[in-house]
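Novice: Shown below is the structure under consideration.
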Amino acid sequence: MAILQQVSKLIEETLSLPPNSLSDLGADAPLLGEIPEFDSIAVVAIINGLEEAFGIVIDDEDITAETFATLGSLTQYIEQKLTS
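Numbering-wise, this note's numbering comes out as the position in the sequence shown, counting from 1, plus 3.
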């Protein structure tokens with residue numbers, strides 16, 4: 004499964020969104036500020052899920068609006084963490 008699809012599925016499950024609601028929109032799917040369920044509590048849950056799913060550590064300074072702006076920006080961040 005591609006990273007974009009994994010990230011999308013994790014967010015959909017964490018926020019109890021309909022299946023494929025984000026992945027159908029693709030990398031440009033807006034997240035922070037656009038999905039009512041995507042609040043600060045959800046960000047913490049998503050970070051925990053991403054760290055567990057991908058075996059990475061998301062640094063506090065990387066938790067920014069830019070990182071969580073779209074599905075694509077978050078996926079790009081995960082890809083960078085996996086290759087560093």
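Built from N, CA and C at the ideal position, the CB exists for glycine as well.
This structure is a prediction, so every number in the text was calculated from the model and none was measured.
Against chain C, does E40 count as a neighbour if the rule is that its beta carbon must be under 9 Å from one of theirs?
Specialist: Note that chain C does not occur in the displayed structure, where there is just one protein chain.
Novice: Consult DSSP for T70 and reduce its assignment to one of helix, strand or coil.
Specialist: It is coil, neither helix nor strand.
Novice: Going by the DSSP bridge assignment, what does P33 pair with across the sheet?
Specialist: Answer is T73, bridged to P33.
Novice: By the 10 Å Cβ neighbour count, where 16 or more other Cβ atoms means buried, how is L28 classified, buried or exposed?
Specialist: Looking at its Cβ environment, which holds fewer than 16 other Cβ atoms inside 10 Å, L28 is exposed.
Novice: Quick one: residues in its chain with C-beta nearer than 7 Å to the C-beta of A68, no 5 flanking neighbours on either side, listed in chain order?
Specialist: These residues qualify, in order along the chain: L35.
Novice: Smallest Cα separation from A45: which of S26, P22, L74, I14?
Specialist: Here the closest residue by C-alpha is I14.
Novice: In the structure shown, what three-state DSSP assignment does V10 receive?
Specialist: If DSSP states are grouped into helix, strand and coil, V10 belongs with the helices.
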